[in-house]
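Working notes, structure below.
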Amino acid sequence: MAYFRAYIIQKIPEKYFMDNYAIADNFSLLAKLMDIHGENSFKTKSYSVAAFTIEKLPAELSSLPQDKIFSIKGIGETIGKKIIEQLQTSEMALLNEYLAKTPQGILEMLNIKGLGPKKIATVWNDLEIESLGELLYACYENRLLLYKGFGEKTQQSIKEAIEFYLNNKGNYLYAQIESFAETMHAQLVKDFNGKKLLQTGDYRKHSEIISKLEWVTNASSGEVNEYFEKNGFKAINQSEEVASYKGEENIELIFHFADNDALYLKQFITSSSEPFLTEWIQQNLFDKEKAYKSEEEIFSDAKIDFIPAWLRETAKVIDDAKQHRLPEVIQEKDITAIIHSHSKWSDGVNTIEEMARAAVEKGLQFLVISDHSKTAFYANGLTEERLIAQHQEIDELNKKLSPFKIFKSIESDILNDGNLDYSNEVLATFDVVIASVHSNLKMSEEKAMMRLLKAIENPYTSILGHMTGRLLLSRNGYPVDHKKIIEACAANNVVIELNAHPRRLDIDWRWIDYALEKNALISIDPDAHEIGGYRDIKYGVLAAQKAGLTKEQNLSSFSLPAFENFVASQKTKRPK
Ligand SMILES: [Zn+2]
Ligand SMILES: [Zn+2]
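For the sequence shown, the working numbering assigns the number 1 to the initial residue and increments by one for each residue that follows.
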């Protein structure tokens with residue numbers, strides 16, 4: 001935590017008392033930052049030695065006369081001046097300079113066990129990664145292995161250390177908290193034998209990011225409190241109505257108290273979004289005095305079709321339910337295919353055959369293999385020569401695995417100028433082209449729109465991959481005008497991917513409504529880099545359900561013949 005302490009000190013305007021530890025921390029941080037910035041190692045070494053010396057001093061520097069400071073062994077003129085500067089101003093100008101030119105995400109990396117300045121420099125300069133989330137994702141994609149000093153073991157331990165760090169910040173992806181939430185729920189139901197414990201809140205709504213788990217209960221606040229105290233949880237907040245606790249996992253567990261008569265009404269209220277609830281109240285759809293026996297009864301009393309918690313996002317859905325027009329949302333079992341999947345040919349872990357056999361085992365009808373294109377050198381992207389060999393392999397596998405089918409595809413980088421990564425002759429050899437941005441992610445909306453629109457208008461593009469490049473909890477996507485992109489996709493017959501990786505979920509489900517209004521097709525794609533990645537389809541489906549997507553509106557639930565038709569119609573877009 002030393003680094004953050006020093007960093008925070010820089011942010012506090014008032015004078016801060018600089019004890020030896022604070023001064024040593026500052027020198028240590030300075031040495032690390034200078035190493036990260038590739039400064040002369042002799043210089044940086046002198047600062048880290050100073051940090052070590054200062055930490056071991058028997059007397060506080062602040063209690064010594066200035067000339068004494070200069071005569072301490074290991075502290076010369078330069079360092080001595082910087083100590084005095086800190087004692088007088090609580091700051092060190094040189095450190096401030098380095099802090100100013102180091103992105104926040106790089107500073108944060110110093111908190112990760114196993115990531116020293118040299119490795120951070122590689123991550124920043126060679127992998128061009130500036131945040132922990134991106135680094136974590138690079139670990140998932142096995143990108144670290146290509147660089148000096150990063151073996152498989154190192155990559156694994158860095159991955160775990162980052163996950164640990166991010167989890168400790170109290171925000172989780174739905175996929176990360178799921179198993180804890182379910183285990184906790186089962187445990188509570190068991191331990192509160194005979195009492196009702198109803199899940200509610202963001203988890204029940206399948207929100208993509210979860211920072212708290214909530215229940216409605218008829219157990220008393222005393223009982224709940226005693227239980228958590230006994231089990232070593234910390235009480236965060238306690239009142240008649242609600243109480244919350246935190247354990248080692250650093251996730252808030254919230255309990256809403258209700259007597260038997262008010263139980264389901266409270267569950268309904270705490271599992272509905274604000275716009276939904278406001279509309280519900282305006283339309284005067286419930287009787288606040290009534291003792292409902294279930295959530296279903298609240299809906300049947302109001303003469304409205306049941307709306308599951310995860311669909312209670314908008315006011316409009318209430319009218320849909322009134323008119324019995326709720327969508328028959330897509331289910332995981334409706335998925336017929338893996339679209340967007342990598343193999344050993346680029347940065348995946350498994351061979352195409354292994355990926356295909358795993359898809360067969362899941363009962364799927366086809367697989368669209370889309371490895372990285374040649375510009376993605378860090379991901380072992382495919383050159384034209386290697387593509388020919390890959391396509392041969394696919395042809396042979398198709399003979400072997402029929403009637404299952406593997407389609408030839410590519411995840412083509414959208415280059416800086418908006419062009420795709422191969423000549424038209426090469427692009428013409430693919431059944432499906434997924435166009436994605438992977439480089440120069442830091443760009444203005446104008447630039448992003450230029451690249452994306454040009455790629456969408458390219459007649460070889462069939463699917464727009466992860467539209468904004470966002471990584472949940474770690475990187476905002478580049479800024480885009482969602483409406484314009486959706487309209488362009490609809491106009492150019494380009495399918496919009498819903499990347500199902502729980503850290504991406506990109507396109508955001510909140511925009512799917514608009515895509516459907518414009519008659520654009522969605523594709524729930526796992527972007528799998530190994531067989532295990534197929535599991536992520538579930539999270540794509542959960543997100544799609546919130547948007548009311550049906551299986552007819554999703555490309556990865558097409559039957560094989562329907563998909564063949566899709567491929568054929570895409571090919572008619574291409575120049576003859
Ligand atoms: Zn991608
Ligand atoms: Zn991909």
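Where is the CB? At the ideal position from N, CA and C, for every residue including glycine. All values derive from a computational prediction rather than experimental measurement.
Report yes if the C-beta distance between residue i and residue j is below 8 Å; otherwise report no.
{"i": "A321", "j": "I304", "result": "yes"}
{"i": "I330", "j": "I394", "result": "no"}
{"i": "G114", "j": "S157", "result": "yes"}
{"i": "L173", "j": "L473", "result": "yes"}
{"i": "G548", "j": "L311", "result": "yes"}
{"i": "L585", "j": "V494", "result": "Residue 585 is absent from the structure shown; the chain starts at 1 and stops at 576."}
{"i": "L198", "j": "L263", "result": "yes"}
{"i": "F366", "j": "F430", "result": "no"}
{"i": "T550", "j": "P403", "result": "no"}
{"i": "S271", "j": "A309", "result": "yes"}
{"i": "N260", "j": "N231", "result": "no"}
{"i": "T53", "j": "G74", "result": "yes"}
{"i": "L146", "j": "E152", "result": "no"}
{"i": "L213", "j": "A235", "result": "no"}
{"i": "A59", "j": "I79", "result": "no"}
{"i": "K266", "j": "V216", "result": "yes"}
{"i": "F228", "j": "Y245", "result": "yes"}
{"i": "F276", "j": "V224", "result": "no"}
{"i": "N499", "j": "D527", "result": "yes"}
{"i": "L364", "j": "T336", "result": "yes"}
{"i": "K405", "j": "L560", "result": "yes"}
Check the C-beta distance from residue i over to residue j and give it rounded, since I have them as a contact under 8 Å.
{"i": "S423", "j": "A379", "result": "So it is not a contact: roughly 20 Å between Cβ atoms."}
{"i": "R504", "j": "H529", "result": "Incorrect: roughly 12 Å between the Cβ atoms, too far for contact."}
{"i": "A121", "j": "D35", "result": "7 Å"}
{"i": "S439", "j": "E411", "result": "Not quite, the Cβ-Cβ distance comes to about 13 Å (not below 8 Å), so this is no contact."}
{"i": "M355", "j": "S341", "result": "6 Å"}
{"i": "S523", "j": "E497", "result": "5 Å"}
{"i": "A455", "j": "I414", "result": "4 Å"}
{"i": "N171", "j": "S211", "result": "5 Å"}
{"i": "A656", "j": "W509", "result": "Only positions 1 to 576 of the chain appear in the structure, and residue 656 is not among them; the question remains open."}
Is any heavy atom in ligand 2 found nearer than 7 Å to the beta carbon of residue i?
{"i": "E497", "result": "no"}
{"i": "H340", "result": "yes"}
{"i": "D506", "result": "no"}
{"i": "D536", "result": "no"}
{"i": "D421", "result": "no"}
{"i": "D527", "result": "yes"}
Regarding residue i and ligand 1, is the C-beta to nearest heavy atom distance less than 7 Å?
{"i": "E411", "result": "yes"}
{"i": "G465", "result": "yes"}
{"i": "H438", "result": "yes"}
Can you give me the start and stop residues for the alpha helix (DSSP H) that residue i sits inside?
{"i": "N125", "result": "P117 to N125"}
{"i": "Y245", "result": "That residue, Y245, is in no alpha helix (DSSP H); its beta strand (DSSP E) goes V242 to K246."}
{"i": "K595", "result": "Here the chain covers residues 1 to 576 and nothing more, so residue 595 does not appear."}
{"i": "V567", "result": "L560 to K571"}
{"i": "D470", "result": "Looking at the sequence shown, residue 470 is not Asp but Arg. Premise fails: R470 is in no alpha helix (DSSP H) and is neither H nor E."}
{"i": "K454", "result": "E445 to E457"}
{"i": "K230", "result": "S221 to K230"}
{"i": "E384", "result": "E384 to L401"}
{"i": "S28", "result": "N20 to I36"}
{"i": "N380", "result": "From DSSP, N380 is part of no alpha helix (DSSP H); its letter is neither H nor E."}
{"i": "A543", "result": "I537 to K546"}
{"i": "A309", "result": "No alpha helix (DSSP H) contains A309, which DSSP labels as neither H nor E."}
{"i": "K484", "result": "H482 to A491"}
{"i": "V494", "result": "Per DSSP, V494 belongs to no alpha helix (DSSP H) and is neither H nor E."}
{"i": "L427", "result": "N424 to L427"}
Starting from residue i, trace the beta strand (DSSP E) both ways and give me its first and last residue.
{"i": "L582", "result": "Given that the chain is displayed from residue 1 to residue 576, the structure contains no residue 582 and the question cannot be resolved."}
{"i": "H340", "result": "A337 to S341"}
{"i": "E214", "result": "K212 to T217"}
{"i": "V433", "result": "V432 to S436"}
{"i": "K234", "result": "K234 to Q238"}
{"i": "Q553", "result": "Unbroken run through Q553: none, as it is neither H nor E."}
{"i": "L197", "result": "L197 to T200"}
**Prompt:** What runs of the beta strand (DSSP E), each 3 residues or longer, lie entirely inside the stretch 254-301?
**Reply:** Taking only runs of at least 3 residues, no beta strand (DSSP E) segment lies wholly in the stretch 254-301.
**Prompt:** Residue ranges of each alpha helix (DSSP H) run of no fewer than 4 residues wholly in the stretch 499-532, ordered along the chain?
**Reply:** Taking only runs of at least 4 residues, the alpha helix (DSSP H) segments lying wholly in the stretch 499-532 are 512-517.
**Prompt:** Considering only residues of the stretch 38-114, which uninterrupted alpha helix (DSSP H) runs meet the minimum length of 4 residues and lie entirely inside it, listed in chain order?
**Reply:** Within the stretch 38-114, the complete alpha helix (DSSP H) runs of at least 4 residues are 41-56, 66-70, 77-89, 93-100 and 104-109.
**Message:** My parser needs the alpha helix (DSSP H) runs of 4 or more residues fully inside the stretch 120-175; what are they?
**Reply:** Unbroken alpha helix (DSSP H) runs of no fewer than 4 residues, entirely contained in the stretch 120-175, are found at 132-140 and 152-167, following chain order.
**Request:** Write down every uninterrupted run of the alpha helix (DSSP H) in the stretch 313-358 whose length is 4 residues or greater and which is fully enclosed by it, in chain order.
**Result:** Segments of the alpha helix (DSSP H) lying fully in the stretch 313-358: 316-322.
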